[in-house]
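Comments concern the structure below.
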Amino acid sequence: MTTTYGHWTSNLAESVWQNVTSQRTALIEHSSGRSYRYPELKQAAERFAAALRSRLQGPDDVVALVCDNTAEFVVAYHGTLLAGGVVLPLEPLGTSDEWQPVLERCRVAHVVASAKAWRQLSALPAAASLRSAVMLDELSSDDRTIRWHQWLTGPAVDASPAVGDERPALLATSSGSLGLPKQIVLTHRNLVSNLDQIGAVHRLTADDVVLATTPFRHIYGMQMAMNPTLRAGGTLVTVRTPFGVDDLLEVIETRKITVAYLVPSLLAELARCGGTGGRDTSSLRLVYSGGAPLPANVAQSCARVLGVPVVQGYGMTEAGCTFAPADGTPAVPTSIGKALPDTEIRLVDPVTGLDGETGEIWVRGPQVSPGFLGEDGAVHSLTDDERWLHTGDVARCERDGHVTIIGRIKQLIKYKGHQIAPAELESVLLGHPDVADAVVVGAPDEVAGEIPVAFVVLSGPVALSEVSDFVACRVAPYKKIRSITAVDRIPRSAMGKALVHQLNDDGAGGTR
């Protein structure tokens, strides 16, 4: 029997909240100590929806959320969806150069942000079309701004939630694996289907206390931690960054965490520590890793330290979670599990185009995005004519059906769980007047996983530190180039592709 995941008319927010009647604690901000019960959080989301609905000028108005993992993000996210708007999460540490093209492309109508972020946003040309800005802290003199608590003072929404179905729910910024980052359109059906698929193999309960260390603006944090926890009636615990091993062990002990969603770089630090430092972690039942591949030795070391399974799945912005190990099955350190229900998978040889036991992962299913938002405002497909999404990741299928990632066709840099597009950094580098050519690659790093390093051809007498600073002030902190080398030339193919492997082989030496 075939199971269809995701009711066709489901609004994602309605799907998350409809069965929650508990008086339990829904969310705890560990760093601030603030906590919220389910009725409080749900009512706040409904009031946010009412305030937004009165300001909507048409279907699918876009609301940018420039927030960390706080209650305000959860409320604004679900309130926007209840009202019929579209959520656009933005990196709070982003720069004006990063935000301007996104605001323009997405035609953002409303924003939720701190006063500091608003000062940057309001100065951008694209901000002229913004109709309202909800301030998380102090108010601005701009008459479009309103304080957070004032926005929520009205009555809760008294109408049925907006129909979800195939309407856009989320504009998620991709990692830019095949070029510059794009805003990926995810519909209500995409997201609800994926929650159903995940829940079929990985189930949270109302008794779970879930630690979310990854940003809710990313698919991993959103669809593995935030939405499933609230849908199950569990307790979601958020933390501030930077967040190290001592912080991890302290919050597990203090909050009695049962399930933790972490990133490989944090687990690598824990593995090096080799112990819990006397902290009580006996409440844990499962640790999940995502955002980048988890080395087998790190998974095994952390499992020994914590005494629970440490597993990893696989997903991407364009298709949500597609592989996950089923609860209760033996942990396989190298495996990302099996394909989720209602998900079709092919492993295709990149050279021959034939299916096999090893090849590029192709995905087809209800969670796959209809496309990305183009400069023309239209949605452009990401799949081939038969609706297969070509992921760029190469994997091997074992005899028992478990799948192991063995490499990437794409050259995405994964730094501490963040995803960095080389093309984006190359574009910034080439904006420097004394940089004639540039290429950015990922270099292995024991702590971060990978770090971005650059090779540049200089056209003028400029210090490499100046070039590095030029990039640093134009990108989010995690995207900073960690090493830069001047070379005489960058070898390229006839098609213009940088031949990275030749950079240190043909006398293109330089200085760091």
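So in UniProt numbering, spot 345 of the sequence shown is number 345, and the numbers just go up one at a time. Heads up, the beta-carbon is just placed ideally off N, CA and C, and yes, glycines get one too. A quick note: this is a predicted structure, and the numbers were derived from the prediction, not measured.
- By the CB criterion at 8 Å, L41 and A169 fall outside the cutoff.
- Put simply, the backbone Cα of P330 is about 13 Å away from that of K338.
- A distance below 8 Å separates the beta carbons of I257 and S283.
- A straight-line Cα-Cα distance of about 7 Å links R105 and G377.
- Burial check for S301: the Cβ neighbour count within 10 Å reaches 16 or more, so the residue is buried.
- Under DSSP, P168 takes part in a beta bridge, and its partners are T187.
- Between A260 and L211, the C-beta gap is smaller than 8 Å, which places the two residues in contact.
- Using a C-beta cut-off of 8 Å, the stretch 24 to 36 makes contact with the stretch 231 to 249, since at least three inter-stretch Cβ pairs fall below that distance.
- L52: member of the alpha helix (DSSP H) spanning Y38 to R53, first to last residue.
- Leaving aside the five residues that flank R364 on each side, the residues in its chain whose CB is nearer than 6 Å to its CB run, in chain order, E344, R387 and W388.
- Per the DSSP secondary-structure output, V62 pairs in a beta bridge with V86 and V108.
- Taking all protein chains shown into account, C321 has 16 or more neighbouring C-beta atoms within 10 Å of its C-beta and is therefore buried.
- Collapsing the DSSP output to three states places S129 in a helix.
- If one requires a minimum length of 4 residues, the alpha helix (DSSP H) runs lying completely within the stretch 410 to 485 are 422 to 429 and 464 to 472, in chain order.
- Assigned with DSSP and collapsed to three states, R279 falls in coil, not helix or strand.
- Its chain contains V441 as the residues whose beta carbon lies nearer than 6 Å to that of V500, once the 5 sequence neighbours on both sides are disregarded; these appear in chain order.
- The stretch 464 to 483 makes contact with the stretch 427 to 443, as at least three CB pairs between them are under 8 Å.
- Assignment of V245 by DSSP, reduced to helix, strand and coil, places it in the helix class.
- Pairing A113 with M135, the inter-Cα distance amounts to about 5 Å.
- A distance below 8 Å separates the beta carbons of A292 and V263.
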